[in-house]
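Converting from the sequence shown to our numbering requires adding 554 to each position, the first position being numbered 1. Don't be surprised by glycine CBs; every beta carbon is placed ideally from N, CA and C. This structure is a prediction, so every number in the text was calculated from the model and none was measured. Please read the structure below before turning to the comments.
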Amino acid sequence: MNWQPQVRSGQNAERGFFRNIIQKVRNGETDSAKQDLLTVLESNPNFAYAHMLLGNLYFREEQLQEAIDCYERALQLNPNLAPVPLQMGVLQQSIDQDDEAIQSFESAVELDENLMPAHLRLGNALLDKGKVEEAEERVKIALGINPQSIAARLL
C-alpha cells in the first residue's frame, strides 16, 4: 500500500501510513520504508513524527549523524514528542555518551511520565553510573506503569 498524501488526509491516513512503515520494517523492506518517509517529508517537511521514524531507520543502519539530524529536526518541529529524546538517548548510549543519554531519558520522562521505556532506559543508565538508588526508583516507576514488565523485573 502506497500512502498518497494528496488523496488521503487526516489522522486515519497518518495511522495507516505509519502502520505501513512499521510493516515494511518488520518485513525487512527498510529501503522502501525510508523512501516512503523521504517522499512524505518532501511534501510535508514539518512532519516531526516522520523525521523521528526516519532517524530510527538511519540509526538501524548505523548512519548515526543522519539519525541525530533527524531527531534534532523532529524536536525542533515538536519539542513535546517524548519518543524523540528517548530514541536520542538510546543512540547516545550506543556511542558511550552516557551523561547525554541520561539527560535525554530525563527529557523524555519530563515530557511523558508514563513512557515506561524511558524510565527503564534511565534506570539502566543510572545503574551503569553507579547510582543504584536512583536506578531503583526508576524501575519502581516503570513497574508502576506496567507491573507485568519483564524488562523492569530484570533490572
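Separation of residue j from residue i, as counted between CA atoms
| i | j | result |
| --- | --- | --- |
| V719 | E667 | This structure gives no information on residue 719, because the portion of the chain shown stretches from 555 to 709. |
| N700 | V663 | 15 Å |
| M642 | Y603 | 14 Å |
| N634 | S661 | 10 Å |
| Q647 | E596 | 31 Å |
| N678 | V638 | 18 Å |
| R692 | V644 | 16 Å |
| F613 | L665 | 22 Å |
| N574 | N581 | 10 Å |
| N598 | Q617 | 23 Å |
| F571 | H605 | 14 Å |
Cβ-based burial, residue i [other Cβ within 10 Å; buried from 16]
| i | result |
| --- | --- |
| V594 | buried |
| D590 | buried |
| G609 | buried |
| L592 | exposed |
Cβ separation of residue i and residue j, assumed to be a contact under 8 Å, to the nearest whole Å
| i | j | result |
| --- | --- | --- |
| D652 | D682 | 6 Å |
| A672 | L697 | That belief does not hold up - the Cβ atoms of A672 and L697 are roughly 14 Å apart, past 8 Å. |
| I649 | L676 | Wrong, their Cβ atoms sit about 17 Å apart, outside the cutoff. |
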